[in-house]
Structure formats: structure tokens, C-alpha cells
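Worksheet: one structure, shown below.
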Amino acid sequence: MLKSLTTVQVWVHDQDEALAFYTEKLGLELRDDVTVPEMGNFRWLTVGVPGQEDVAITLMAIPGPPVFDEDTRRKITDLMATGASGGLFFATDDVQGTYEELRKRGVEFQQEPTEQPYGVDAGFRDPSGNSMRMAQLT
Amino acid sequence: MTPVPPARHVLRAKDLADARYREPLDVPTLARAAHLSPAHFSREFRRKFGETPHRYLLMRRLERAAALLRNTDRSVADICLTVGLSSVGSFTTSFGRAFGLSPTAYRAAHPPAAKRARVPTCVLLAQARPQTAVLEKTTGAGAASVADGTDDTGGRRC
Chain A
1 MLKSLTTVQV WVHDQDEALA FYTEKLGLEL RDDVTVPEMG NFRWLTVGVP
51 GQEDVAITLM AIPGPPVFDE DTRRKITDLM ATGASGGLFF ATDDVQGTYE
101 ELRKRGVEFQ QEPTEQPYGV DAGFRDPSGN SMRMAQLT
Chain B
1 MTPVPPARHV LRAKDLADAR YREPLDVPTL ARAAHLSPAH FSREFRRKFG
51 ETPHRYLLMR RLERAAALLR NTDRSVADIC LTVGLSSVGS FTTSFGRAFG
101 LSPTAYRAAH PPAAKRARVP TCVLLAQARP QTAVLEKTTG AGAASVADGT
151 DDTGGRRC
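Quick mapping for you: the protein sequence lines, in order, are chains A and B.
All the letters of the first sequence, read from the start, carry residue numbers 1 to 138 under my numbering.
All the letters of the second sequence, read from the start, carry residue numbers 1 to 158 under my numbering.
This is the structure:
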């Protein structure tokens, strides 16, 4: 029996840029940042929503050989940049206020706060093109 | 630092169409957001998303117009302008091609917007109350105490 979800993953084109975006612009906190030399300098980098200790987001660089061949890496990179490699859904108590704050910090929105039957939601992207949404549920 | 993949810039232009379709956007403006020449941009966009940016923007506007037809009682002309289109004639034509129905027929095929509106209970409580002035006129001075008794704004405080 599975017990809980602990970690989700998004592909990023640059881990440093992603870390800056997720922490400085979205206001998430850094959880892990570990580089393993014996694994080809693999960097395990995670962030999380302050107060939600048991769920982390892994900001994963797209690996080349030996994990993925060049063609696969190129395809994943392309899907990510096209906005087609998944995304994250966040909850907020104040969509409008968060929208204004994030916009001020330079976050790119593709949907401003919109009334939906379940509440108000808005959509934005991370620098790599991943889709992010936030909803204020009723 | 790893540079952003080129497709990311085309995605930015698509996001711009989604976010600002209400404004007089055109393909050259979208191309600038992608840092590409309009011709190159249109090709790249079509390669990535399967349709030209011009068509993508038009379809976004028509999709939004359909939602307004379903969810509001605003006029077709007003909705046309609201979604960033300037000609009601070509709006009606494009809408018919996309949905197989004219805007008015599309609206008629859906439940009236008033039925779908989620008006808060407090507003309904306040707005649906009979007018006390009418009550006074029809029942005379005897109804004054009734009018006084209901003359609070409790129902409107929300």
C-alpha cells in the first residue's frame, strides 16, 4: 500500500536559473542541493512550499548519456520548451494578490485570474516553459 | 548557464496570445515576443503547434467569445469587441465556421446565463425582498409596523 506522495519532478533547462525562479520569484524554499561527483556531477535539487514539509519539487536537469541518448535528451528539451512536459498546480488563499505580486517580480502569466466553477485560478510559466497554475478554491 | 531552448520563445508568443487576446494583437507583435521575424515566426509556430499564429489567436478569441455567449447576457457585438475582434461581420462568419452555429444560435443552444450565474445567497436574499414601500401603499398605515420591522439592511450586508 502506498502511503503518501513526497516528490514531484519538473525538467528544467538550467538548474541555477530554475532555483532562482522558484525561490526568489515564487517564494518557495530550498530543500536539497547535493552534487554527486561519482555520478557525473548529478545534482539533486529540490524546493518546496513553505509550511508543506512533506512534498518537494525536484528541479531536474535533463540528463544526456548514459541516462538518455542525445536524441532523447533533445526531444525532452524540445517538449519542455514547448510547454508539453507537464506542470505543477498550487493552491493560494489570494489569487489576485499573488498574481499581482508575482507579475511585479517578472513572472510570465499566460492566464490572469479567472472565475471558474471551483474558484479562481491563474496560469503562469517557469523559465523553462513548464506550466504552473494556482487556484483559490471555493 | 544553459541558454533557453529556442522553442521557449515561440511558447512565450503563444502565451501572449492567450493572455492578451483582448488587445489588438497581431502576428508581428507576437513575433517580436518570440524574437523572430514575422515570416520565420509563423513557420516555427506552425511547426510547433500545428497551426499558424494568426489562426491560433483567432481560435482563442472565438473560444472566449463562446464562453461569454454561454455565461453572460451581453450582446454579440459587445462580445466581439471584448475578445479583441473589431468587425462583427467577420466575427459572425468565423464563429459559424468554428462552431457550426451563428453566435445567437450557439447562445440559444445553451441554458440561459442567468440560470448558470452563481449569485451569492446574500444578494438573492436582499434583491428578492418585496419592496416595503409597495407594501405600505397597498395595505395602508396598518402596515407601518411591518415595514419598520423589516427595515434593516441585514440581508444586504455581505
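For every residue, glycine included, the Cβ atom is placed at its ideal position computed from N, Cα and C.
Query raised in the report: So is Pro127 (chain A) in contact with chain B if we call contact Cβ pairs under 8 Å?
Result: Counted from its first residue, the first sequence places residue 127 (chain A) at position 127. Interface residue, yes.
Query - Opposing strand residues paired with Leu88 (chain A) [DSSP bridges] - result: Counting from one through the first sequence, the residue named residue 88 (chain A) turns up at place 88. For Leu88 (chain A), which the question treats as bridged, DSSP gives the partners A:Met132.
Requested in this report: Compile a chain-ordered list of the residues in the segment 8 to 29 of chain A whose CB is closer than 7 Å to at least one CB of chain B.
Outcome: His13, Asp14, Asp16 and Glu17
Query raised in the report: Can we say the segment 104 to 111 of chain B touches the segment 65 to 80 of chain B, given the rule of at least three CB pairs closer than 8 Å?
Result: yes
**Report entry** contact_flag[the segment 84 to 95 of chain B, the segment 19 to 28 of chain B] where n(CB pairs < 8 Å) is 3 or more
**Finding:** yes
Report task. Please determine if the segment 13 to 21 of chain B and the segment 33 to 48 of chain A are in contact, where contact requires at least 3 C-beta pairs separated by less than 8 Å. Result -> no
**Report entry** Length of the line joining the Cα atoms of Gly86 (chain A) and Ala98 (chain B)
**Finding:** Your numbering for residue 86 (chain A) matches position 86 in the first sequence. Your numbering for residue 98 (chain B) matches position 98 in the second sequence. Those two C-alpha atoms are separated by around 28 Å.
Query raised in the report: Given a threshold of 16 other Cβ atoms within 10 Å of its Cβ, counted over all protein chains shown, does Leu137 (chain A) qualify as buried or as exposed?
Result: The residue you call residue 137 (chain A) lines up with position 137 of the first sequence. With fewer than 16 Cβ atoms within 10 Å of its Cβ, Leu137 (chain A) is classed as exposed.
Query raised in the report: How many angstroms separate the CA atom of Thr207 (chain B) from the CA atom of Gly119 (chain A)?
Result: The first residue shown for chain B is 1 and the last is 158, placing residue 207 (chain B) beyond what the model contains.
Report task. Using a Cβ-Cβ cut-off of 8 Å, state whether Cys158 (chain B) counts as contacting chain A. Result -> Numbered from its first residue, the second sequence carries residue 158 (chain B) at position 158. In this prediction, Cys158 (chain B) scores a pLDDT of 47, lower than 50, which makes its location untrustworthy; no coordinate-derived value is stated.
Query raised in the report: For Arg46 (chain B) and chain D, any beta-carbon pair shorter than 8 Å?
Result: The question asks about chain D, but that chain is absent: this structure's protein chains are A and B.
Query raised in the report: Using 8 Å as the threshold, is the segment 50 to 69 of chain A in touch with the segment 12 to 24 of chain A, meaning 3 or more CB pairs across them?
Result: The answer is yes - the segment 12 to 24 of chain A touches the segment 50 to 69 of chain A, with three or more Cβ pairs under 8 Å.
Query raised in the report: In this structure, what does DSSP give as the bridge partners for Arg125 (chain A)?
Result: The residue labelled residue 125 (chain A) in the question sits at position 125 within the first sequence. According to DSSP, residue pairing for Arg125 (chain A) in a beta bridge involves A:Glu108 and A:Ser131.
Query - Proximal residues of chain A, C-beta to C-beta of Met1 (chain B) below 9 Å - result: Residue numbering aside, residue 1 (chain B) sits at position 1 when the second sequence is read from its first letter. Asp14, Asp16 and Glu17, listed in chain order.
Report task. Compare the C-beta of Val4 (chain B) with all C-beta atoms of chain A and state if any pair is closer than 8 Å. Result -> One-based indexing of the second sequence puts residue 4 (chain B) at position 4. Yes, because at least one Cβ of chain A sits closer than 8 Å to the Cβ of Val4 (chain B).
Query - Where Met1 (chain A) falls: helix, strand or coil (DSSP) - result: Translated into positions along the first sequence, residue 1 (chain A) becomes position 1. DSSP places Met1 (chain A) in coil when its eight states are reduced to three.
Report task. Put Glu115 (chain A) into one of helix, strand or coil per three-state DSSP. Result -> Against the first sequence, residue 115 (chain A) aligns to sequence position 115. Note: Glu115 (chain A) maps to strand in three-state DSSP.
Query raised in the report: Which residues, taken in chain order from the segment 72 to 102 of chain A, show a beta carbon closer than 8 Å to some beta carbon of chain B?
Result: Of all residues in the segment 72 to 102 of chain A, Thr77, Asp78, Met80, Ala81, Thr82 and Gly83 have a Cβ within less than 8 Å of some Cβ in chain B.
**Report entry** Those runs of the alpha helix (DSSP H) which lie wholly inside the segment 82 to 110 of chain B and span at least 4 residues
**Finding:** 88 to 99 and 103 to 108
Query raised in the report: Taking Cβ positions, are Ala65 (chain B) and Phe45 (chain B) nearer each other than 8 Å?
Result: Translated into the one-based positions of the second sequence, residue 65 (chain B) becomes position 65. Translated into the one-based positions of the second sequence, residue 45 (chain B) becomes position 45. Against a cut-off of 8 Å, the Cβ pair of Phe45 (chain B) and Ala65 (chain B) comes out as no contact.
Query raised in the report: Tell me which same chain residues have a C-beta within less than 8 Å of the C-beta of Asp121 (chain A), skipping the five on either side of it?
Result: Start at 1 with the first residue of the first sequence, and residue 121 (chain A) comes out as number 121. Exclusion of the five residues before and after Asp121 (chain A) leaves Val95, Gln111, Pro113, Thr114, Arg133, Met134, Ala135 and Gln136 as the residues of its chain whose Cβ lies within less than 8 Å of its Cβ.
Requested in this report: List the whole-angstrom C-beta distance separating Arg12 (chain B) from Glu108 (chain A), where the pair is believed to meet the contact cut-off of C-beta under 8 Å.
Outcome: Numbered from its first residue, the second sequence carries residue 12 (chain B) at position 12. Numbered from its first residue, the first sequence carries residue 108 (chain A) at position 108. Correct: roughly 7 Å between the Cβ atoms.
Report task. Assuming Phe68 (chain A) and Leu102 (chain A) form a contact by the criterion Cβ under 8 Å, report the distance between their Cβ atoms to the nearest whole angstrom. Result -> What you label residue 68 (chain A) is simply residue 68 of the first sequence in a count that begins at 1. What you label residue 102 (chain A) is simply residue 102 of the first sequence in a count that begins at 1. That belief does not hold up - the Cβ atoms of Phe68 (chain A) and Leu102 (chain A) are roughly 32 Å apart, past 8 Å.
Query raised in the report: Near Thr245 (chain B), what residues of its chain come up, given a Cβ to Cβ distance below 6 Å and the 5 sequence neighbours on each side ignored?
Result: Outside the displayed span of chain B (1 to 158) sits residue 245 (chain B), for which this structure offers no information.
Requested in this report: Report yes or no: is there a C-beta of chain B within less than 8 Å of the C-beta of Phe109 (chain A)?
Outcome: By 1-based counting over the first sequence, the position of residue 109 (chain A) is 109. It does: the Cβ of Phe109 (chain A) has a partner Cβ on chain B nearer than 8 Å.
Query raised in the report: In chain B, what lies closer than 8 Å to Glu112 (chain A) by C-beta?
Result: Mapped onto the first sequence, residue 112 (chain A) falls at position 112. In chain order: Ala19.
Report task. Report the residue from A:Glu29, A:Leu26 and A:Glu53 whose alpha carbon sits nearest the alpha carbon of Ser139 (chain A). Result -> Here chain A has residues from 1 to 138 only, and residue 139 (chain A) is not among them.
**Report entry** Same chain only: Cβ atoms within 6 Å of Asp148 (chain B), ignoring 5 sequence neighbours per side
**Finding:** As a working note, residue 148 (chain B) is residue 148 in the second sequence. Reliability fails at Asp148 (chain B), whose pLDDT of 45 lies under 50, so the model's placement of it is uncertain and the value that follows must be treated cautiously. No residues qualify anywhere along the chain.
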